[in-house]
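**Student:** Please find one structure pasted underneath; my questions will follow.
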Amino acid sequence: MKKILLSAAILAFAATGVFAQNTTSVPQTTVSRQATSPRTEARKAMRANRTPEDIARLKMQRLDKIVTLTDAQKEKAEAIYLKEAQAHKERMTQRTETEKQINALLNKDQVQKLDAVKKERMEKMRNREIRRSAPVKAQNAE
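Under my numbering, think of the first position of the sequence shown as -17, with each following residue one higher.
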């Protein structure tokens, strides 16, 4: 009788160890980014209409909340962020100009195929962002 109980206890501990090593994650629910609220649309419109000066000011204010900047530091930080925002705007303008030139070069079928590939890439990126933002199970250190 003791041997049977001991065997059952060992089996229970072994089974527990096996299930504890299961590293498969819970399936993620996909978040539809197609349906957006009016508030989200308004935020997107505001974000699209920001000037480099607005962006620099907002970034400086966020930094100020974190580390409490002096007035001199605020001015310098805003100047640095302004330079970055202006460079970013120039890159985005160049990118859209390049895309227009490439689309003008391609025929209708090629443009459709290129748009489909871009859409697929964006979807993969969104899925990657969703997975990153999902809670991650803590793994046991060995």
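Where a beta carbon is used, it is the ideal one built from N, C-alpha and C, also for glycine.
Looking at the structure shown, is R25 part of a helix, part of a strand, or coil, going by DSSP?
**Tutor:** Within the sequence shown, residue 25 is the residue found at index 43, counting from 1. R25: helix per DSSP, three-state reduction.
**Student:** Using 8 Å as the threshold, is the C-beta distance between K56 and D46 below it?
**Tutor:** Against the sequence shown, residue 56 aligns to sequence position 74. Against the sequence shown, residue 46 aligns to sequence position 64. For K56 and D46, yes; Cβs fall inside 8 Å.
**Student:** My assumption, with CB atoms under 8 Å, is that A38 sits in contact with A67. Please give the rounded CB distance.
**Tutor:** For the purposes of this step, residue 38 is taken as the residue at position 56 of the sequence shown. For the purposes of this step, residue 67 is taken as the residue at position 85 of the sequence shown. The pair is a contact, with the Cβ atoms about 5 Å apart (cut-off 8 Å).
**Student:** So what's N109 in DSSP terms, helix, strand or just coil?
**Tutor:** Your numbering for residue 109 matches position 127 in the sequence shown. It is helical.
**Student:** Is T(-2) close to chain D? Criterion is C-beta to C-beta, closer than 8 Å.
**Tutor:** Within the model displayed, chain D is absent; a lone protein chain is all it includes.
**Student:** Leaving aside the five residues before and after K106 along the sequence, list all residues of the same chain whose C-beta is less than 7 Å from its C-beta, in chain order.
**Tutor:** As a first step, residue 106 is located in the sequence shown; it is residue number 124 there, counting from the start. Once the five neighbours on either side are set aside, K106 has no close Cβ partner at all.
**Student:** Helix, strand or coil for S115, going by three-state DSSP, please let me know.
**Tutor:** Your numbering for residue 115 matches position 133 in the sequence shown. Taken through DSSP and simplified to helix, strand or coil, S115 comes out as helix.
**Student:** Distance, Cα to Cα, I62 vs A69?
**Tutor:** As a working note, residue 62 is residue 80 in the sequence shown. As a working note, residue 69 is residue 87 in the sequence shown. Each residue's alpha carbon lies about 11 Å from the other.
**Student:** Can you list, in chain order, the residues of its chain whose CB lies under 8 Å from that of R73, leaving out five sequence neighbours each side?
**Tutor:** For this step, residue 73 is matched to residue 91 along the sequence shown. For R73, where only same-chain residues beyond five positions count, there are no Cβ hits under 8 Å.
**Student:** With distances taken between CB atoms, is the gap from L71 to P20 smaller than 8 Å?
**Tutor:** Position 89 of the sequence shown, counting from 1, holds the residue named residue 71. Position 38 of the sequence shown, counting from 1, holds the residue named residue 20. Note that residue 71 is Lys in the sequence shown, not Leu. It is not a contact, given that the beta carbons lie outside the stated cut-off.
**Student:** Work out the CA separation of M104 and D97 for me, nearest whole Å.
**Tutor:** Locating residue 97 in the sequence shown gives position 115, where the first residue counts as 1. Locating residue 104 in the sequence shown gives position 122, where the first residue counts as 1. Approximately 11 Å between the Cα atoms of the pair.
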